[in-house]
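Since the structure comes first, as structure tokens, the remarks are kept for the end.
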Amino acid sequence: MPHTETPSEQSTGTSEETEPTESPPEETVEVSELETACPGSLDNTKYGWGMRILPNHQIPDIGAKAKELLDKYHAIFTGNTSEKVVYLTFDEGYEAGNTANILDILKGNDVKAAFFITGAFVKSEPALVKRMVDEGHIVGNHTVNHVSLPTVSYEKAADEINRLAQMYAGITNQQMKYLRPPSGEYSERSLCVTNALGYRTVFWSIAMADWVPLKGGPDEAYNTVMSRLHNGAVILLHAVSPDDIQILDKLIKDIKAQGYRFGTLDEIP
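Each residue of the sequence shown is one higher than the one before, counting from 567 in my numbering.
Here it is as structure tokens:
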């Protein structure tokens with residue numbers, strides 16, 4: 567879907583499972599420094615992440631406004647575009663029993679990925695979160711309740727992000743440094759808030775509507791990724807997708823066979 571520079575309720579490969587709402591914590595989140603760093607005068611127009619797909623393995627066009635905001639707040643949608651390198655990322659809402667298999671496939675292919683997790687996933691699958699860390703993967707913040715960050719207050723945004731980080735640290739003793747905006751929805755203010763809280767926002771340059779069964783099944787998942795490969799691609803797959811899991815091993819092997827290597831988000835300057 568072409569990127570639009572007006573508020574959007576849709577995006578390319580963004581809608582995900584809605585997590586159950588949790589009660590707010592008893593303590594009040596301190597937001598004075600956040601409001602200073604990101605004043606209320608900042609534009610909070612909500613955009614849905616979208617791209618214009620270009621032929622011949624070119625980098626998608628995200629539009630001038632999105633590029634301006636990503637540059638300003640040091641956000642990511644591609645990595646090193648001068649090299650045949652790609653970055654594999656997974657969004658973990660409800661993982662549908664697929665994540666252990668994903669980790670097995672990644673280990674068998676010696677590939678490191680990034681997993682963006684929610685509060686429900688941390689609560690239901692702490693052992694898998696620990697395994698991600700133990701096996702050298704990056705674990706990123708996808709908020710506690712998968713909220714659209716431009717639609718909530720400073721207090722709510724900080725709580726959703728900080729509390730997820732606290733849950734993660736409680737079982738791994740590790741800190742998070744990457745965040746993927748739920749549903750790909752963002753604004754200048756939300757990008758500023760994410761940045762001020764110490765995170766680098768990560769979008770993507772290859773994705774599809776794989777949170778529901780694809781009409782073309784596993785072949786559609788495979789063909790979509792392979793046809794859109796480009797230097798520096800950040801690939802988004804959803805762990806809930808059975809189509810993705812069926813083709814993941816072949817996908818990794820065939821991407822490598824085309825001369826690409828799998829990098830990590832930590833490599834991206």
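Even glycine gets a Cβ: it sits at the ideal position worked out from N, Cα and C.
Could you tell me which residues DSSP pairs with residue i in its beta bridges?
i, result
"ASN707", "ILE683, LEU745"
"ARG766", "TYR744"
"THR655", "ALA680, LEU802"
"PHE828", "VAL652"
"THR644", "ALA799"
"ILE772", "ILE801"
Excluding the 5 residues preceding and the 5 following residue i in the sequence, name in chain order all residues of the same chain whose CB lies nearer than 8 Å to its CB.
i, result
"ALA680", "TYR653, LEU654, THR655, PHE656, HIS703, ILE704, VAL705, GLY706, TYR744, VAL768, THR830, LEU831"
"GLN740", "VAL699, VAL705, TYR734"
"ILE834", "ILE642, GLY645, ASN646, TYR653"
"THR587", "A caution first: THR587 carries a pLDDT of 39, below 50, which makes its placement in the model too unreliable to give a value."
Where does residue i fall in DSSP's three states?
i, result
"GLU575", "Note that GLU575 scores 30 on pLDDT, short of 50, meaning its location in the model is unreliable; the coordinates nonetheless yield the value given after this. In the structure shown, GLU575 sits in coil (DSSP, three-state: anything other than H, G, I, E or B)."
"GLU701", "coil"
"GLY616", "coil"
"TYR734", "helix"
"TYR660", "coil"
"SER581", "Any answer about SER581 is weak, because its pLDDT of 37 lies below 50 and its placement is not dependable; what the coordinates show is given next. Of the three classes helix, strand and coil, the one that applies to SER581 here is coil, per DSSP."
"ASP627", "strand"
"TYR752", "strand"
"GLY674", "helix"
"PRO808", "helix"
"ASP815", "helix"
"PRO605", "coil"
"GLY783", "helix"
"VAL718", "coil"
"VAL791", "helix"
"VAL688", "helix"
"VAL597", "coil"
"VAL695", "helix"
"VAL778", "coil"
Can you find the residues in the same chain that come closer than 6 Å, C-beta to C-beta, to residue i, ignoring five residues on each side of it along the sequence?
i, result
"ALA723", "LEU715, VAL759"
"ALA799", "VAL652, SER771, ILE772"
"PHE682", "ASP657, GLY706, HIS708, ARG746"
"LEU763", "ILE727"
"ILE671", "LEU814, ASP815"
"SER607", "none"
"ASN675", "ILE818"
Quick one: residues in its chain with C-beta nearer than 7 Å to the C-beta of residue i, no 5 flanking neighbours on either side, listed in chain order?
i, result
"MET733", "GLY685, VAL688"
"ILE813", "PRO784, ALA787, TYR788"
"PHE643", "ILE628, LEU636, PHE769, TRP770, SER771, VAL800"
"GLU701", "LEU669, LYS673"
Do residue i and residue j have their C-beta atoms within less than 8 Å of each other?
i, j, result
"SER807", "ASP785", "no"
"HIS796", "ILE625", "yes"
"THR665", "LEU694", "yes"
"LYS633", "GLY825", "no"
"GLY659", "HIS712", "yes"
"THR738", "LYS678", "no"
"ALA805", "GLU661", "yes"
"VAL597", "TYR720", "yes"
"ALA641", "LEU757", "yes"
"ILE811", "ASN667", "yes"
"MET774", "ASP820", "no"
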